[in-house]
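FYI, in full-length UniProt numbering the residues of the sequence shown are 25 to 471. Everything below concerns the one structure shown next.
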Amino acid sequence: LSYYFKQIEKNQHLNAINEVFFDSATKQANLVQQKIENGTAGKLAGMVIGIKDNICYLDHKVSASSKMLDGFVSPYSSTVVNRLLQEDAIIIGRLNCDEFAMGGSNETSYFGPVKNAVDEERVAGGSSGGSAVAVQADMCLAALGTDTGGSVRQPAAFCGCIGFKPTYGRISRYGIIAYASSFDQVGTLTSSVSDAALLLEVLAGVDDNDSTVSSIPVPAYSQHLSQVGKRKIAVLKETIENDALDSEIKSAILNAIETLKSQGHNVEYVSFDLLDYMVPAYYVLTTAEASSNLSRYDGVHYGYRNMQAESLNQLYKNSRAEGFGEEVKRRILLGAFVLSAGYYDAYYQKAQQVRRLIREKVEALLTDFDFLLSPVTPTPAFKMGENMQDPLVMYMADIYTVLASLAGIPAVALPLGNNKKGLPLSVQLMTKHFNEQELLSLSHRFL
Ligand code: GLN
């Protein structure tokens, strides 16, 4: 633990951590030490883990990197935190992220952007940027993030770690600050596949507090990593044969395809013609859900309150105007618009139909193939500020990650070394609902 405290101190300038839990982490470490001596320690004994600052931990502050939750202390723990602690992990702190997990560069955080450890002028990715950099710079062994449309996978890709998003419904969302509830999933950022497998095994499975969690049994993922036979992999052609894809990412992916072939897998290119609909459908649906989820921040129940208001309406108005950042406001407005009478059918309902088509197409592909392969991102980590001028440019960069989110399938971002500038490159693999075991095993073998 003291090693990680030192690493945090050394890397303070990267701004990955919103708060270090010195006291509770030290206390837990002492407790775990005793358990190890007694031979009663759990599966994660001594694993030092950072959690994204939108995951609730009893008696600890949680802010979603927003002024809106200023000073808010969680009155309960999320299921994922309880499960980590039950297995004797040590939670070292809460990690910076985009405000309410809305963003793809960690530049919308109230606490300022997170810097990429390989090039401090570049972004860490988002929204779980702090989680990625904390793992990248060895400030913790592993981190939890949340992935609504790529927020675990994209920062993992920008920072050279492994970002794993399970099937929607595999891990409980109880105690996770909601962004878009039909998309949100907890995911892991790790430097090895076996750590991702071990964490998933602990975190996944039924929870009385979240009815969307599946009752499908949770395998001991980490025990079966070597078992994967020859599999059929579909490369989504349009995602690779696309002028917008960075040439070094493309050649790294072509090499990865050769490696997969040499490991005996059958790799084929297939056409995926719904690519243009991904980002629009994702942003209509997630902003709609966000506008509803974020209506609870009224200046009364949580965190920030404007003290000058003279009426209740003014209190709501002022608190929300001052508490939320620009990107969050943009999404609340967009979401309220697509849900409003007169526009509901044209936008929200249409997007739901598109989501269904995407899901059906993906399911059809995954009856013929075991895995889908695509890039994670169109470019490596970009410069700070570069995509902040135009929200559409930022949204378009989510084109490859939102597919798995719209379809609710598991997906992983795997590192493929660095480009000439030393920036990490990556590839994405996706699979059928609840086929995490094979996805982890294939990734383990591949790396
Ligand atoms: N970049 C995407 C967005 O801004 C993904 C965010 C996420 O997965 N939380 O919505």
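The beta-carbon is built from N, C-alpha and C at its ideal position, and this holds for glycine as well.
inquiry  = For a test of the three-state rule: what should DSSP assign to K261, helix, strand or coil?
reply    = helix
key: Near ligand 1: D171 beta-carbon under 6 angstroms from a heavy atom   = yes
message = For V86, tell me which candidate among G70, R107, Y134 and A405 has the shortest Cα-Cα distance.
response = Y134
key: Exposure label - G63; buried when at least 16 CB within 10 Å   = exposed
key: CA-to-CA distance, S246 to G66, given in whole angstroms   = 15 angstroms
task = Could you tell me whether the Cβ atoms of S98 and A125 are closer together than 7 angstroms?
result = no
key: Where the beta strand (DSSP E) through M454 begins and ends   = P448 to T455
inquiry  = Does G187 come out as helix, strand or coil in the three-state DSSP assignment?
reply    = strand
task = Check whether the Cβ of G187 sits closer than 6 angstroms to any heavy atom of ligand 1, and report yes or no.
result = no
query = Applying the criterion that 16 or more other CB atoms from any shown protein chain within 10 Å of the CB defines a buried residue, is H84 buried or exposed?
reply = buried
request  = Run the proximity test for S205: is its beta-carbon closer than 6 angstroms to any non-hydrogen atom belonging to ligand 1?
outcome  = no
query = Shortest alpha-carbon distance to L68 belongs to which of E111, F348 and G184?
reply = E111
message = Residues in the same chain with beta-carbon distance under 6 angstroms from T191, minus the five sequence neighbours each way, listed in chain order, please.
response = P434, H457 and F458
query = What distance in whole Å lies between the Cβ atoms of L389 and R244, which are believed to be in contact at a cut-off of 8 angstroms?
reply = According to the sequence provided, residue 244 is Ala. The question's Arg does not apply to it. Not confirmed; about 29 angstroms, so no contact.
inquiry  = Given this structure, state the Cα-to-Cα distance separating S238 from K445, to the nearest angstrom.
reply    = 43 angstroms
task = Would you check if the distance between the CB atom of V252 and the CB atom of S465 is smaller than 7 angstroms?
result = yes
query = Per DSSP, F395 is paired with what?
reply = I257 and T455
Contact belief for A220 with I186 at Cβ below 8 angstroms, rounded distance in angstroms = 6 angstroms
query = Just to confirm, are residue 472 and L165 a CB contact at a threshold of 7 angstroms?
reply = Here the chain comprises residues numbered 25 to 471, so residue 472 is not present and cannot be evaluated.
ask   = Taking C-alpha atoms, which residue in K285, Y326, G366 and A333 lies nearest to L397?
value = K285
key: Delimiting residues of the beta strand (DSSP E) encompassing P99   = Here P99 belongs to no beta strand (DSSP E), and DSSP marks it neither H nor E.
Nearest residue (CA-CA) to A167, options V142, L224 and N330 = L224
request  = Report buried or exposed for Q52, applying the criterion of at least 16 other Cβ atoms within 10 angstroms of its Cβ.
outcome  = buried
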